[in-house]
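The opening position of the sequence shown corresponds to residue 0 in numbering that gives the first Met the number 0, with each subsequent residue numbered one higher. Where is the CB? At the ideal position from N, CA and C, for every residue including glycine. Note that the coordinates shown come from a computational prediction; the quantities given were computed from them, not determined experimentally. Structure first, commentary second.
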Amino acid sequence: MARRLPALVRALLDPAVYPHPVDRVVLIETHISCPAPDVYPGVIQLKGSRHRVRFGGRGRTVGP
C-alpha cells in the first residue's frame with residue numbers, strides 16, 4: 000500500500016518550485032542528519048506554505 004506524502008514533500012517534487020531549470024525530481028529518503036558540513040554545502044530556507052513553496056526570499060518560513 001502506498002503511503003501519502005506530506006504536503007511539503009509533494010510540493011518539493013514539482014520541478015517548477017526550483018529557482019533553476021529542473022527536468023525531474025526524484026525522492027530519495029535517507030536518515031536525518033544534523034550539522035554535516037562534508038555532506039551538505041549549505042542550507043536555504045523554504046518560504047510560502049506547505050502546499051506552495053519557494054526557495055529563499057521574503058515571507059513565512061515553512062518547515063516540516
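- Message: For L45, count the other beta carbons within 10 Å of its own beta carbon; 16 or more makes it buried, fewer makes it exposed. Which is it?
- Response: Residue mapping note: residue 45 aligns to position 46 of the sequence shown, counting from 1. Per the 10 Å Cβ criterion, buried.
Is the segment 9 to 20 touching the segment 46 to 53 in the sense that three or more CB pairs, one from each, lie closer than 8 Å? By the Cβ test, the segment 46 to 53 is in contact with the segment 9 to 20, since at least three Cβ pairs between them sit closer than 8 Å.
- prompt: Which two residues bound the contiguous beta strand (DSSP E) that contains L45?
  reply: Looking up residue 45 in the sequence shown gives position 46. Per DSSP, L45 belongs to the beta strand (DSSP E) from 45 to 47.
Practice task
Taking 8 Å as the cut-off, decide whether the C-beta atoms of G47 and R57 are in contact.
Solution key: As a working mapping, residue 47 is identified with position 48 in the sequence shown. As a working mapping, residue 57 is identified with position 58 in the sequence shown. In this structure, R57 does not lie closer than 8 Å to G47 by Cβ.
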